[in-house]
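Quick note: to get the working numbering, add 3 to the position in the sequence shown (first position is 1). Beta carbons: idealized from backbone N, C-alpha and C, even for Gly. The structure appears below as C-alpha cells.
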Amino acid sequence: MKKEVTTMKDIAREAEVSVATVSHVINNTKHISDTTRNKVLKVIERYNYVPNSAAKNLRQQSTKTAGLVVSSFPDSFVTEMIFAIEERAKEMGYNLLLVNTNEDRDYEEKTINLLHSKLVDGIILSPTSSDIQYLQKYTNDNFPIVMVNRYESTIKNIPRVTGDNFQLGYEATLHLLKHGHKKIGLIYSYPNVSTTNDRIRGYQEALVQYNLPLNDDYIVQGYAKVKGGAAAAEALLAKDPQISALFVQNDLMTIGAISKIKELNLSIPDDIAIIGFGDFSSSHIIEPPVTNIVLPPETIGRTAFDVLLNKINNPNYMSHIELPPSMLIRKSCGC
4 MKKEVTTMKD
14 IAREAEVSVA
24 TVSHVINNTK
34 HISDTTRNKV
44 LKVIERYNYV
54 PNSAAKNLRQ
64 QSTKTAGLVV
74 SSFPDSFVTE
84 MIFAIEERAK
94 EMGYNLLLVN
104 TNEDRDYEEK
114 TINLLHSKLV
124 DGIILSPTSS
134 DIQYLQKYTN
144 DNFPIVMVNR
154 YESTIKNIPR
164 VTGDNFQLGY
174 EATLHLLKHG
184 HKKIGLIYSY
194 PNVSTTNDRI
204 RGYQEALVQY
214 NLPLNDDYIV
224 QGYAKVKGGA
234 AAAEALLAKD
244 PQISALFVQN
254 DLMTIGAISK
264 IKELNLSIPD
274 DIAIIGFGDF
284 SSSHIIEPPV
294 TNIVLPPETI
304 GRTAFDVLLN
314 KINNPNYMSH
324 IELPPSMLIR
334 KSCGC
C-alpha cells in the first residue's frame, strides 16, 4: 500500500528534492529545471496532492468562481437545469466551470479534486452514483458542496435541491392505473441513483395500492438514449405482450419507445399508453401528443445556486429542498 502523501515534506521526500523546491514548483516562485519540475509534478499528480494550508488561506478570499459537475446532460430537463444554474451564477457575479462526467464515477472524483485544488468557492454536483463517500473528506473541512437533482443521503454536511421523485413515480403510475392499465412497464435511465430508485419506489407503491403484483421483469434500463428506449420497449413487449402502458424516465428514451411501438404497428394509446418524463420541445406536436410528468428544471437550477451561496457564506447551512412534480396531460396516455 502506498503511503498517503499529505504535506510538501512528503512530496519532497518522494521526489527526492527539497521542500523549498516543491514550494517553488507549486507556487511558481522560482525557476526550476524542467526535469526537476516534471519529477515533482508527477508525484503531485500520482497522489492527487492538494496544498491544504495554502488552499485554506486562499479560500478566505472569494474567487467568485463555482464548479458545476453533472453526470450527463442527454435530455431537456438536465440541459434546462444547467442553463438556469449558469444564469443565476451570472446574476450573482460568479463564473461557472462546467464539467460533464458522462456517468464516469472515477472521473467525477478526479474532477472534484481538481476543482477543489483550483480554489473554486464551492461546487454543485449531480453525482454519477451513490458511491460518493470520497466527498466526506471535503465536507469535513467545510468545503461548500451542494447536490442537485441526484443525491446520496449518507454524506454529511451537504445540502441538496431535488425534485420529489417518489411522488413523480407514484403519480405517473397512478394516472395509468386510473385508465385501467394493470401491466405497466417502466423504462429507466441509470441504476443506483436516487432519481431512479425513488421513482421506482413510487411506481411500486401505486401498484401495491391497487393490489397488483410487483414484477421486476417490467422494469428495464434504456440508458437515456433513443436506441435504448426502443430496445427497452421491444424487450418489455416481448416479455409480456399484455403490457398496455409504459412509464419512460427520459425524453430521448420516450422518442425511442414511440418509434419502436409504431414500428411494431401498435397504436398509441389504444394498444400502448405512454407517460414520459420531462417535456421536450416537440412533445406537443408528436402524433399523438405526449403526456409528460415534469419537475421544474429552472427553479431547481436557480435554487441550487442560491443554496450554494448560502453554504459558502454559512458553513453550518443545511437545507434539503424538494420540489413537487406536475403533469402535462395530452393524448398519449389515453386522456
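| field | Per-residue DSSP class, three states only, for residue 160 | value | coil
| Whole beta strand (DSSP E) runs in the segment 75 to 132 with 3 or more residues, listed along the chain? | Correct list: 98 to 103 and 125 to 128.
| field | Outcome for residue 263 when other beta-carbon atoms lying within 10 angstroms are tallied against a minimum of 16 | value | buried
| What residue does the beta strand (DSSP E) around residue 248 start on, and which one ends it? | Residue 248: member of the beta strand (DSSP E) spanning 248 to 251, first to last residue.
| message | In whole angstroms, give me the CA-to-CA distance for residue 28 and residue 129. | response | 33 Å
| field | Contacts around residue 42, its chain only, beta-carbon distance under 6 Å, and the 5 residues preceding and following it disregarded | value | 18
| query | Given residue 247, which residues of its chain have a CB within under 7 Å of its CB, disregarding the five upstream and five downstream residues? | reply | 184, 186, 275 and 276
| request: For residue 216, count neighbouring Cβ atoms within 10 angstroms of its own Cβ and tell me buried if that reaches 16, exposed if not. | output: Burial call: exposed.
| message | Taking 9 Å as the threshold (beta carbon to beta carbon), is residue 330 in contact with chain B? | response | Given the protein chain composition of this structure (a single chain), no chain B is represented.
| query | Run through DSSP, which three-state label would residue 280 get? | reply | strand
| query | DSSP state of residue 259, grouped into three classes? | reply | helix
| field | Cβ-based neighbour list, residue 73, same chain, cut-off 6 Å, excluding 5 preceding and 5 following | value | 103 and 129
| Cut-off 6 Å between Cβ atoms - residues of its own chain near residue 169, not counting five sequence neighbours on either side | For residue 169, where only same-chain residues beyond five positions count, the Cβ hits under 6 Å are 201, 204 and 205.
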